[in-house]
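**Student:** Protein chains in written order, with this note's numbering: chain R, 1 to 264; chain H, 1001 to 1269. Beta carbons are placed, not taken as given, at the ideal position from N, Cα and C, and that holds for glycine.
1) Residues of the segment 1155-1178 of chain H in Cβ contact with chain R at a cutoff of 9 Å, in chain order, please.
2) Listed in chain order, which residues of the segment 169-195 of chain R have Cβ atoms closer than 8 Å to some Cβ of chain H?
3) Mind listing the chain R neighbours of residue 1256 of chain H? Cutoff is C-beta to C-beta under 7 Å, in chain order.
4) Kindly confirm or deny that the segment 175-192 of chain R and the segment 219-227 of chain R touch, where touching means at least three C-beta pairs closer than 8 Å.
5) Using a Cβ-Cβ distance under 8 Å, would residue 136 of chain R count as near chain H?
6) By alpha-carbon positions, which one of R:94, R:167, R:84 ends up nearest to residue 1159 of chain H?
7) Is the beta carbon of residue 142 of chain R closer than 8 Å to that of residue 103 of chain R?
8) Within 10 Å of its beta-carbon, does residue 147 of chain R have 16 or more other beta-carbons around it, so buried, or fewer, so exposed?
9) Tell whether a beta-carbon distance below 8 Å holds between residue 180 of chain R and residue 210 of chain R.
10) Taking the alpha carbon of residue 1161 of chain H as the point to measure from, which residue in R:171, R:47, R:109 has its own alpha carbon closest?
11) Which one of R:196, R:26, R:16 has the shortest CA to CA distance from residue 42 of chain R?
12) Need the endpoints of the beta strand (DSSP E) that residue 9 of chain R sits in, please.
13) Looking at C-beta atoms only, is the number of pairs between the segment 162-176 of chain R and the segment 126-142 of chain R that lie closer than 8 Å three or more?
14) Evaluate residue 1190 of chain H with the Cβ neighbour count: other Cβ atoms within 10 Å of its Cβ, from every protein chain shown; 16 or more gives buried, anything less gives exposed.
15) Along chain H, in chain order, which residues have C-beta atoms closer than 8 Å to that of residue 90 of chain R?
16) Going by other Cβ atoms of all chains shown within 10 Å of its Cβ, with 16 needed for buried, is residue 1124 of chain H buried or exposed?
17) Going along the segment 109-125 of chain R in order, which residues come within less than 9 Å of chain H, judged by CB to CB distance?
18) Below 8 Å, can you find three or more Cβ-Cβ pairs linking the segment 1230-1244 of chain H to the segment 1063-1075 of chain H?
19) Can you round the beta-carbon distance between residue 13 of chain R and residue 34 of chain R to whole angstroms, since I take them to be within the 8 Å contact cut?
20) Pick helix, strand or coil for residue 77 of chain R, following the three-state DSSP scheme.
21) Strictly under 8 Å for the Cβ-Cβ distance: is residue 162 of chain R near chain H by that measure?
22) Which residues of chain H have a Cβ atom closer than 7 Å to the Cβ of residue 20 of chain R, listed in chain order?
23) Residues of chain H with CB closer than 9 Å to the CB of residue 242 of chain R, please, in chain order.
24) At 7 Å on the CB atoms, spell out the chain H contacts of residue 62 of chain R, in chain order.
25) Would you list the one or two residues that DSSP bridges to residue 1119 of chain H?
26) Would you kindly report the start and end of the unbroken beta strand (DSSP E) that includes residue 37 of chain R?
27) Do residue 201 of chain R and residue 77 of chain R count as a contact pair if the criterion is CB distance below 8 Å?
28) Between the C-alpha atoms of residue 1196 of chain H and residue 1152 of chain H, what's the straight-line distance to the nearest angstrom?
29) How many angstroms separate the CA atom of residue 1237 of chain H from the CA atom of residue 161 of chain R?
30) Are there 16 or more other CB atoms within 10 angstroms of the CB of residue 1041 of chain H, so buried, or fewer, so exposed?
31) Report yes if the C-beta distance between residue 229 of chain R and residue 217 of chain R is below 8 Å; otherwise report no.
32) Please list the partners that residue 133 of chain R has in chain H, where partner means a Cβ-to-Cβ separation under 9 Å.
33) Cα separation between residue 1262 of chain H and residue 152 of chain R?
34) Report yes if the CB atom of residue 1221 of chain H is closer than 8 Å to the CB atom of residue 1087 of chain H, and no otherwise.
35) Between residue 1121 of chain H and the ligand PLP, is the CB less than 7 Å from at least one heavy atom?
36) Would you identify the three-state DSSP class for residue 227 of chain R, choosing helix, strand or coil?
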């Protein structure tokens, strides 16, 4: 159930390896031999035990880290060019909102940095606030909001300049279970409405199965792609969580993870 | 508004009560036990001396206040400026910070006689230098820490917007440093008065608070000395209050959180 956009490669990861502190005493091979293509409009999750390099892989796509070997292409450009062109939005586990900016001003920050006029900015931030259903909270400071609301502001900020790609690093990891499930539905709704491509890092099996078109299972030290699980559950709703097909996919992902953790 | 006033009253009530009761007790104890005035004068005789010597004391507040405030402002500006520079240029930071720590560990008021020798005792520069030196380091160290103690996610986020170093400095580091800076401000505002008065103890013109205290003690006029101590502490308190006001005004997001307009679940530590 990809979004109906022209078949285009959103992300192409070609023979990528990442070694930290190369040549030093503390040399760590974080990723090795990664080949992965993300289609435009796809929702793809990266899952694996801690130390498998899933966050590192996300940062390579965002050009926040440079690969040691191999190349990352984002919408036909190098990851570096894509970052300079601000082709993607990023959401972290901690909302990363600035305490000193009100909610609206936080959402407008990337627009300010792109030199948008005040009117353009306030029109867009109001629209984004509606998208994440926080219309009444634009004038609040981030710390006055709950964790789930902060994360919604963070998503609104990442989407404010309408990037074609959204990179999310365990965005719901710090939320309680109820809020997390609600946020998953919200994210899927936003994904459908905005037709963005999402690369989503998680360590939760049900979360990856519920959200994604495809789940990439990584094995640790060095991180490699163990398997890719296709998930076709149609349009998700809360009922999906009780769907036998959902359980089946979750089990498939869980088994892949067990194989990985068992020394595979 | 009513709630806010009631809030103020509940905050101010206890310390005012304690203060008034304390003064009454002081008065009663000195009178009741017949403690001699040169050991501990009664609050009422201190207030009397305050009124009688007001022209001298007012002038002394003005003189010492000028030394404290000008030294305070110069020290703050120097501390902030150096913090900005060391954050921007790593090598400068590596060279200067250890030196700053060593100098900070030196009891700076001990340098007052040396500053007197360097800058002379007739002008204000010698005493101002002591204040500047005392104020500079807490401001420098706290502000530097605030400029560098930024959550790595926030830096990565700014990189994802292809933000320049200068933009990150302006949009993230400076606002992040504000609470740290405000802490140092609360510390150094009253400290500047202490530094000025201690420096004045080492000589100089007789019309400053420190000298008014020492000369009146020399003439066994303890009640006048106490009156001078009273105005000195009022000066320190006034500067502390200004520091608090500056803090509130520069960080509206903090007061908004303190007033709890909405229940808060911290999203991060």
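**Tutor:** Walking through what the data contain:
1) Hits within the stretch, in order: 1156, 1157, 1158, 1159, 1160, 1161, 1162, 1163, 1167, 1171, 1172, 1175, 1176, 1178.
2) 174
3) The sequence position of residue 1256 of chain H within the second chain is 256, counting from 1. The answer, in chain order, is 141, 144.
4) Counting Cβ pairs under 8 Å, fewer than three are found: no touch.
5) Here residue 136 of chain R refers to the residue found at position 136 when the first chain is read from its first residue. Not closer than 8 Å to any Cβ of chain H, the Cβ of residue 136 of chain R fails to qualify, so no.
6) As a first step, residue 1159 of chain H must be located in the second chain, where it is residue number 159. Nearest option by C-alpha distance: R:84.
7) As a first step, residue 103 of chain R must be located in the first chain, where it is residue number 103. As a first step, residue 142 of chain R must be located in the first chain, where it is residue number 142. In contact: residue 103 of chain R and residue 142 of chain R (Cβ atoms closer than 8 Å).
8) Counted from its first residue, the first chain places residue 147 of chain R at position 147. That one is buried.
9) Translated into positions along the first chain, residue 180 of chain R becomes position 180. Translated into positions along the first chain, residue 210 of chain R becomes position 210. Cβ distance not < 8 Å, so residue 180 of chain R and residue 210 of chain R don't count as in contact.
10) Here residue 1161 of chain H corresponds to residue number 161 of the second chain, with the count starting at 1. Cα-wise, what sits closest to residue 1161 of chain H is R:109.
11) Residue 42 of chain R sits at position 42 when you count from the first residue of the first chain. Nearest to residue 42 of chain R by alpha-carbon distance, out of R:196, R:26, R:16, is R:196.
12) Indexing the first chain from 1 puts residue 9 of chain R at position 9. Per DSSP, residue 9 of chain R belongs to the beta strand (DSSP E) from 9-20.
13) no
14) The residue you call residue 1190 of chain H lines up with position 190 of the second chain. It counts as buried.
15) Locating residue 90 of chain R in the first chain gives position 90, where the first residue counts as 1. Neighbours of residue 90 of chain R on chain H, chain order: 1156, 1157, 1160.
16) Looking up residue 1124 of chain H in the second chain gives position 124. Residue 1124 of chain H is buried by the Cβ-count criterion.
17) 109, 110, 112, 113, 114
18) yes
19) One-based indexing of the first chain puts residue 13 of chain R at position 13. One-based indexing of the first chain puts residue 34 of chain R at position 34. Sure, about 5 Å apart at Cβ, within 8 Å.
20) As a position in the first chain, residue 77 of chain R is number 77, starting the count at 1. Correct three-state label for residue 77 of chain R: strand.
21) For this step, residue 162 of chain R is matched to residue 162 along the first chain. For residue 162 of chain R, the nearest beta carbon of chain H is not closer than 8 Å to its own beta carbon.
22) By 1-based counting over the first chain, the position of residue 20 of chain R is 20. Neighbours of residue 20 of chain R on chain H: none; closest Cβ ~15 Å, over 7 Å.
23) By one-based count along the first chain, residue 242 of chain R stands at place 242. The contacting residues do not exist; residue 242 of chain R stays about 29 Å from chain H at best.
24) Taking the first chain and counting its residues from 1, one reaches residue 62 of chain R at position 62. The answer, in chain order, is 1160.
25) Locating residue 1119 of chain H in the second chain gives position 119, where the first residue counts as 1. Here residue 1119 of chain H is not bridged, per DSSP, to any residue.
26) On the first chain, position 37 is the one that residue 37 of chain R refers to. Start and end: 28-39.
27) Translated into positions along the first chain, residue 77 of chain R becomes position 77. Translated into positions along the first chain, residue 201 of chain R becomes position 201. Not a contact, by the Cβ cut-off of 8 Å.
28) To locate residue 1196 of chain H, count along the second chain from 1; it is residue 196. To locate residue 1152 of chain H, count along the second chain from 1; it is residue 152. Annotation: residue 1196 of chain H to residue 1152 of chain H spans about 41 Å, alpha carbon to alpha carbon.
29) For the purposes of this step, residue 1237 of chain H is taken as residue 237 along the second chain, with counting starting at 1. For the purposes of this step, residue 161 of chain R is taken as residue 161 along the first chain, with counting starting at 1. Going from the Cα of residue 1237 of chain H to the Cα of residue 161 of chain R covers about 49 Å.
30) In the second chain, counting from the first residue as 1, residue 1041 of chain H sits at position 41. By the neighbour-count rule (16 or more Cβ atoms within 10 Å), residue 1041 of chain H is buried.
31) One-based indexing of the first chain puts residue 229 of chain R at position 229. One-based indexing of the first chain puts residue 217 of chain R at position 217. Yes; because the gap between Cβ atoms is below 8 Å, this pair is in contact.
32) Counting from one through the first chain, the residue named residue 133 of chain R turns up at place 133. Under the 9 Å cutoff, chain H gives no residues; its nearest Cβ is about 16 Å from residue 133 of chain R.
33) Position 262 of the second chain, counted from the first residue, corresponds to residue 1262 of chain H. Position 152 of the first chain, counted from the first residue, corresponds to residue 152 of chain R. Only weak support exists for where residue 1262 of chain H lies, its pLDDT of 47 falling under 50; the value from the coordinates is given anyway. Straight-line Cα distance between these residues: approximately 17 Å.
34) Residue mapping note: residue 1221 of chain H aligns to position 221 of the second chain, counting from 1. Residue mapping note: residue 1087 of chain H aligns to position 87 of the second chain, counting from 1. No, the Cβ-Cβ distance between residue 1221 of chain H and residue 1087 of chain H is not below 8 Å.
35) This structure lacks the ligand PLP, and indeed carries no ligand of any kind.
36) As a working mapping, residue 227 of chain R is identified with position 227 in the first chain. In the structure shown, the three-state DSSP call for residue 227 of chain R is strand.
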